[in-house]
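Visitor: Quick note, the sequence shown lines up with residues 19 to 176 if you use this note's numbering.
Before I ask anything, here is the structure I am working with.
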Amino acid sequence: MGDSAGGGLALLTVQAIIAHQLPVPRGIIVISPQTDLSLSGESYTRNRLTDVMLNTDMTKWMVEVLMGINHPDLSPNNPLFSPLFGKFEGFPPMYINVGTAEITEDDSRRLAEKAQDADIDVTFEEGLHLMHIYPIFFLYYPEARKTLDNMNKWIQKI
């Protein structure tokens with residue numbers, strides 16, 4: 019389980035587990051995962067004024083810090099950094115949560131499509147008009163509480 023950059027790291031971890039033929043977890047939950055460090059999703063522009071938790075300029079800066087501006091041989095499209103460009107064959111069931119007002123919305127949608135194309139059982143839940151990692155605000159938003167309840171039910175099933 020992971021949210022935001024941690025969601026991307028959780029996906030990268032499962033990809034590495036599969037590549038090294040280690041036992042795969044029974045499931046993976048990602049909340050607002052950042053899956054594409056090239057920031058190529060349209061939501062980075064479309065939702066730049068609606069996501070109150072994360073902004074595109076800050077995200078670009080974080081990618082530059084991670085990748086290093088003096089290392090042109092490192093590509094944000096590299097699947098070692100951006101799990102969206104990696105393989106999903108062999109993945110366990112996946113629960114993806116995203117808000118429709120967040121800049122990483124397209125990362126989650128494209129992740130769901132790619133995982134489904136690899137015949138992975140995907141549960142996709144979106145929070146209408148909600149921001150990046152909205153489930154952490156469960157004390158304030160009924161939608162966030164409902165999302166956490168849905169995640170709990172999903173965990174019980176796997």
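Glycine residues also receive a C-beta, built at the ideal position from the N, C-alpha and C atoms.
Small disclaimer: the values here were computed from a predicted structure and weren't measured.
Which runs of the beta strand (DSSP E) at least 3 residues long sit entirely within the stretch 91-141? Give them in chain order.
Guide: Counting only runs of 3 or more, we get 112-117.
Visitor: Which residue comes first and which comes last in the beta strand (DSSP E) that contains Ile-47?
Guide: Note, Ile-47: beta strand (DSSP E), 46-49.
Visitor: Can you tell me where the alpha helix (DSSP H) holding Arg-66 begins and where it ends?
Guide: Segment: none, Arg-66 is in no alpha helix (DSSP H) and carries neither H nor E.
Visitor: Classify Pro-153: buried if its beta carbon has 16 or more other beta carbons within 10 angstroms, exposed otherwise.
Guide: Per the 10 Å Cβ criterion, buried.
Visitor: Run through DSSP, which three-state label would Gly-24 get?
Guide: Of the three classes helix, strand and coil, the one that applies to Gly-24 here is helix, per DSSP.
Visitor: Excluding the five sequence neighbours on either side, which residues of its own chain have a C-beta within less than 8 Å of the C-beta of Val-42, listed in chain order?
Guide: Around Val-42: Val-32, Ile-35, Ile-36, Gly-108, Phe-109, Pro-110.
Visitor: Within 10 angstroms of its Cβ, does Met-76 collect 16 or more other Cβ (buried), or is it exposed?
Guide: Exposed: under 16 other Cβ atoms inside 10 Å.
Visitor: Are the stretch 91-102 and the stretch 141-155 in contact at 8 Å, needing three or more beta carbon pairs?
Guide: With the cut-off at 8 Å, the stretch 91-102 and the stretch 141-155 do not touch.
Visitor: Between which two residues does the alpha helix (DSSP H) containing Asp-167 stretch?
Guide: Looking at the DSSP string, the run of the alpha helix (DSSP H) that includes Asp-167 is 160-175.
Visitor: Does Pro-160 pass the burial test, meaning 16 or more other C-beta atoms within 10 Å, or should it be called exposed?
Guide: Looking at its Cβ environment, which holds fewer than 16 other Cβ atoms inside 10 Å, Pro-160 is exposed.
Visitor: Kindly give me the distance between the Cβ atoms of Leu-129 and Thr-63, rounded to whole angstroms, as I take these residues to be in contact under 8 Å.
Guide: Not quite, the Cβ-Cβ distance comes to about 19 Å (not below 8 Å), so this is no contact.
Visitor: Hey, could you find the ends of the alpha helix (DSSP H) Asp-75 is sitting in?
Guide: Where Asp-75 is concerned, the enclosing alpha helix (DSSP H) stretches over 74-85.
Visitor: Could you tell me which residues DSSP pairs with Gly-145 in its beta bridges?
Guide: Gly-117, per the DSSP bridge assignment.
Visitor: Assign Gln-33 to one of three DSSP states: helix, strand, or coil.
Guide: Residue state, collapsed to three classes: helix.
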